[in-house]
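Chains X and G are the protein sequences, given in the same order.
Numbering of the first sequence is given in our numbering, commencing with residue 465 and proceeding in unit increments.
Numbering of the second sequence is given in our numbering, commencing with residue 15 and proceeding in unit increments.
Glycine included, every Cβ here is placed at the ideal spot set by N, Cα and C.
Below: the structure, in structure tokens.
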Amino acid sequence: MSPSVRRWAHTWTIPVVVLVLWEMSTRSGLLDPRFFPPLSDILVTAVDELINGRLGLDLVLTLQRLLAAFALAAVFGVAIGVASGRWRTVELLIRPITDTLYPLPKIALLPLFIIIFGRGEVAYIVTAFATGFFQIIISTRGTVRDMPTDLIEAGRNFGATGTRFFTRLLFPAIAPELLNGLRLGMATCLITLIAAEFVGAEFGLGAMIRRAGQQFAVEEVYAGIVLTGLLGLLINLAFRLVTPLVLPWQRQAQRADGGQNV
Amino acid sequence: MRRTLREKWALLVGPVLIFLGWELLSRTEVIRSTFFPPPTEIVSRGVIVFDAESGLGDDIIATVLRILATIALAVLIGVAVGIAITASQWLERGTNTLLVFLYPIPGVLFFPFLTFLLGRTEMAIILTALVTPLIVMVLYTVAGVRSIDRTLLEVADNYGSRGARRFFGILIPGALPSIVTGIRVSLGFTLIAVIAIEMVGASNGLGQFLWSSWQILRVTDMYVALLIIAVLGLLSSVGFDSVADRMLPWRRNVQGAQV
């Protein structure tokens, strides 16, 4: 076996075995089908609900919220992160605020946002935004601060000052790390958004799972959880596809890494 | 020395400005004080923590106990499983694939399912909260074992270190920096999960207090609960770091593997 084939086998054998075991033990009635429906039934339910039921609408709604929250978090998070990584005064001003609010579970802010914005889209978007926002500030700040000083000095000497410093030197230098931070930021946005929908929304993927849970519709609960997992994978995949397009010079470096990042 | 001292004071400027602005705007009703009560009022309302009738003191204890139980289980099971699966490439890579799929699913989503099985019990709450921290602990433990120098492992093998001695003498200390970072990350996830579950499905706890204060529009009480949750968050991040850095002085340089 060539190393890449063996690696592939290592990666996929156990997941496939688990899926097959699940299917077999539920089909044979070894596991109570009321609580553990067969995987194939879950997939059929998911596809059926997506096409004929409300699940499609829920999914689209969740995606819209996610994109809005992430776009806001990316723009403001990167701006503030770069500013506080670059200027000491900015950092001293916002450091205590980010240190306090970053570990605060943003889901706890949902009632506050509902009071402020009413029980509409904005409250859920802002809750998800808050999670990604602080995550992105902190990762961007770290990246900017870790920029090698000789790189900065050299760039300065070659005339990268003012806005050119940012467009020509800083952003290209931090881009790979920045993208990684944005990827994590988007994943945390998704986690909080689904949780917020679960706790307080009427529609959306999270709300659907809560609803199905209250009606003991086990297959739909599973279908929702599987879809959420797929969304998470999709985010990772999207960033993996976008990175070489945005950063053509990164391709070589990434291959050298072996791409073992989670 | 002088510079760092001055910077410590400078750290106060941001929060003081925010609270002063908030206090002024709220007192002058520029922002509605029913929704944004002045900070001084929130802090003075904080005495309900000691008021047995409000039940807030008991709620804090319930939440903290749930967090501690969850994190203890996550560490015990996660470290054991994490070290066990590094014994084989099949187990390690395969489990990794499964966990990476489950990782971004918010743990709360498993609550309906676990309540089918266990009813609305304390067990269901803790098992739901356990999902994400457990995954985190396994991933960080595996990364920690991987970060141990190969030569060190081979030397240990050659000197006949096996079983419990290999486990407690080589694997655990070697993976410890990464495990500690994993515990810090897990604490954050545990706090999120416990609060979220309490908001939807517990009869006590800070999350339940927060949600019910909102529903009956006791806005000031809601802010008090938020304040306490923020303190718990600070303890689990900044507080945990200062304790961990004191106990494991070498951690600062290692910081564990990034998952």
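Within the region 538-607 of chain X, the complete alpha helix (DSSP H) segments at least 4 residues long are 552-565 and 574-581, listed from N- to C-terminus. A Cβ-Cβ contact shorter than 8 Å links Gly668/X with Asp522/X.
Counting along the chain, Asp72/G sits inside the alpha helix (DSSP H) bounded by residues Leu70 to Ile99.
Within chain G, no residue has its CB atom less than 8 Å from the CB of Ile506/X, the nearest being about 12 Å off.
Chain-order list of chain X residues neighbouring Trp104/G: His474, Thr477 and Ile478, by C-beta distance under 7 Å.
Per the coordinates, the alpha-carbon of Arg605/X lies some 33 Å from the alpha-carbon of Phe49/G. Excluding sequence positions up to five before and after Met236/G, its CB lies within less than 7 Å of the CB of Leu224, Ser227 and Trp228, all in the same chain and listed in chain order. For the alpha helix (DSSP H) assignment, the region 18-42 of chain G encloses no uninterrupted run of at least 4 residues.
Taken atom to atom, the span from the alpha-carbon of Gly619/X to that of Val542/X is near 21 Å.
Thr652/X is classed as buried because its beta carbon has at least 16 other beta carbons within 10 Å across all chains shown.
In the three-state scheme derived from DSSP, where H, G and I count as helix and E and B as strand, Phe115/G is classed as helix. Using a Cβ-Cβ distance cut-off of 8 Å, the region 190-199 of chain G and the region 69-81 of chain G are not in contact, since fewer than three pairs of beta carbons, one from each stretch, lie closer than that value. Within chain G, the residues whose beta carbon sits less than 7 Å from that of Arg559/X are Leu25, listed in sequence order.
In the three-state reduction of the DSSP assignment, Ile230/G falls in the coil class.
With a cut-off of 8 Å on Cβ pairs, the region 600-616 of chain X is in contact with the region 539-558 of chain X, counting three or more such pairs.
Counting C-beta pairs closer than 8 Å gives three or more between the region 149-164 of chain G and the region 110-127 of chain G, which meets the contact rule. Three or more Cβ pairs drawn from the region 132-145 of chain G and the region 84-94 of chain G lie within less than 8 Å of each other, which places the two stretches in contact. For Asn218/G, no alpha helix (DSSP H) encloses it, and the DSSP letter there is neither H nor E. Leu494/X and Phe680/X have their C-alpha atoms roughly 20 Å apart. For Gln679/X, the secondary structure class from DSSP, reduced to helix, strand or coil, is coil.
Note on Asn110/G: 16 or more other CB atoms within 10 angstroms of its CB, so buried under the neighbour-count rule. At a cut-off of 8 Å between beta-carbon atoms, Ile602/X makes no contact with chain G. Contact between the region 89-106 of chain G and the region 119-134 of chain G is absent: fewer than three C-beta pairs spanning the two stretches fall below 8 Å. Against chain G, the CB of Ile580/X has a partner CB under 8 Å away; the residue lies at that interface. As the crow flies, the alpha-carbon of Glu683/X is around 5 Å from that of Ile506/X.
Contact annotation: in the region 488-502 of chain X, residues whose CB is within less than 7 Å of a CB in chain G are Phe499.
In terms of beta-carbon proximity, Pro567/X lines the interface with chain G, with at least one pair separated by less than 8 Å. Residue contact with chain X for Ala88/G: absent (no Cβ-Cβ distance below 8 Å to any residue of chain X). In the displayed model, Ser200/G falls within a helix according to three-state DSSP. In the displayed model, Asp259/G falls within a helix according to three-state DSSP. The beta-carbon separation of Leu185/G and Val159/G, rounded to 6 Å, stays under the 8 Å limit for a contact. With fewer than 16 other CB atoms across the displayed protein chains lying within 10 angstroms of its CB, Gln678/X is exposed. For Ala533/X, the number of other beta carbons within 10 angstroms of its own is at least 16, and it is reported as buried. Nearest C-alpha to Phe499/X among Phe254/G, Leu132/G and Ile32/G: Leu132/G. In the displayed model, Tyr686/X falls within a helix according to three-state DSSP.
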